[in-house]
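Encoded as structure tokens, the structure appears first; notes follow it.
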Ligand SMILES: Cc1ncc(COP(=O)(O)O)c(C=O)c1O
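Numbering (this note's numbering), first residue to last: 195 to 602.
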């Protein structure tokens, strides 16, 4: 086996990253502060939204966003019902956080080539479940592929539904010339180690609605009263205290909402900030790798379907579908790749039919999500990250060309 394995993701700590963490350490403040504010501004600017709020993971970003939609829903006509439409083919956090926040997932089928939910399937689900029972739509831009956001937003506006884009895998992906994450009422991103932009464990919520982001700031800190983007207490003033001069309460310890602690640390956001500065280069390198692999592996079709290439996609990884025409199945291919040092993962599995935690929904969805069920059992992904060398990429090509895909 090759000594160097080819991972799904990698994060190489260079001088910039060491310096960034060093600066935080010598500042004597490692919890959230000025660096986190800088990250939030830089990331909002990169995506193109009015603001961003950092949290400690993408899963937390989802939970905080769902909890925020719960509390602001009534004033916006959202949250009439409890059901939220989303993709069955996603990392399970999309659905888990929804359930934890008190919503009920409604899964609709995905496009077989680009793995994302379609406006037609969303419309059908609204018709089937009744618009009054639906609170929102959570399109997941899986592997960086964009959901068709214009018609999805039209549907949402028509029925007064919130839209939370799960862009955990799509930092910098474009849809009609604008970054994903700018279309919905809010969007979430993950900065987990294997993602397009990494920091270890971290997440962010972006939005163009400052009042929503203020609620997010409260919700991520046990629902506390403080909601300023920059704390002015060190300057002797605080809007919450100034508004209630006779009160002896400290707004940091007064709580409007029932929530949890989802705050992050300057130590981590400092790392994320270095990566935002490199985002365009990361995007370009991943895109070139996907294009190159597609050109070199074209002969594997139709046994293996390659990912559609678009220069607008910021690729989380290199997804492949092992079709029934292949002489060996996904399990065998995954094992062969692993033996040759190429790390790989199944494409998550279709939640209601393949995730044990959602067993209670299995019979209700039997036969209803054919594309997600097929991809959940036939698709896998390998890395296409920015640290792969040309030798690594050619090694991947050579190993794939040796796979025994054709029947004798
Ligand atoms: C689509 C999607 N949503 C949410 C998450 C959760 O992010 P995190 O792992 O940072 O909690 C992930 C993580 O892989 C993801 O892929």
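Where is the CB? At the ideal position from N, CA and C, for every residue including glycine.
C-alpha gap between residue i and residue j, whole angstroms
i: residue 241; j: residue 205; result: 21 Å
i: residue 504; j: residue 370; result: 12 Å
i: residue 543; j: residue 514; result: 14 Å
i: residue 302; j: residue 555; result: 13 Å
i: residue 427; j: residue 538; result: 49 Å
i: residue 313; j: residue 562; result: 16 Å
i: residue 338; j: residue 214; result: 28 Å
i: residue 449; j: residue 593; result: 56 Å
i: residue 475; j: residue 434; result: 43 Å
i: residue 530; j: residue 572; result: 15 Å
i: residue 459; j: residue 236; result: 16 Å
Proximity test, residue i beta-carbon vs ligand 1 heavy atom, cut-off 8 Å
i: residue 579; result: no
i: residue 520; result: no
i: residue 253; result: yes
i: residue 256; result: yes
i: residue 384; result: yes
i: residue 465; result: no
i: residue 288; result: yes
i: residue 395; result: yes
i: residue 458; result: no
i: residue 412; result: no
i: residue 284; result: yes
i: residue 534; result: no
i: residue 362; result: yes
i: residue 334; result: yes
Inter-residue CB distance, residue i and residue j (contact presumed, cutoff 8 Å)
i: residue 390; j: residue 353; result: That belief does not hold up - the Cβ atoms of residue 390 and residue 353 are roughly 31 Å apart, past 8 Å.
i: residue 378; j: residue 359; result: 4 Å
i: residue 507; j: residue 367; result: 5 Å
i: residue 399; j: residue 246; result: 7 Å
i: residue 456; j: residue 414; result: 4 Å
i: residue 612; j: residue 453; result: The question about residue 612 has no answer, for the chain in this structure spans 195 to 602.
i: residue 591; j: residue 479; result: Rounded, the Cβ-Cβ distance is 17 Å, inconsistent with contact.
Burial state of residue i (16 or more Cβ within 10 Å)
i: residue 600; result: exposed
i: residue 598; result: exposed
i: residue 471; result: exposed
i: residue 217; result: exposed
i: residue 447; result: exposed
i: residue 404; result: exposed
i: residue 523; result: exposed
i: residue 244; result: exposed
i: residue 430; result: exposed
i: residue 349; result: buried
i: residue 577; result: buried
i: residue 341; result: buried
i: residue 335; result: buried
Local conformation of residue i per DSSP, three classes
i: residue 567; result: helix
i: residue 538; result: strand
i: residue 579; result: coil
i: residue 477; result: helix
i: residue 545; result: helix
i: residue 214; result: helix
i: residue 253; result: helix
i: residue 321; result: helix
i: residue 337; result: helix
i: residue 332; result: strand
i: residue 207; result: coil
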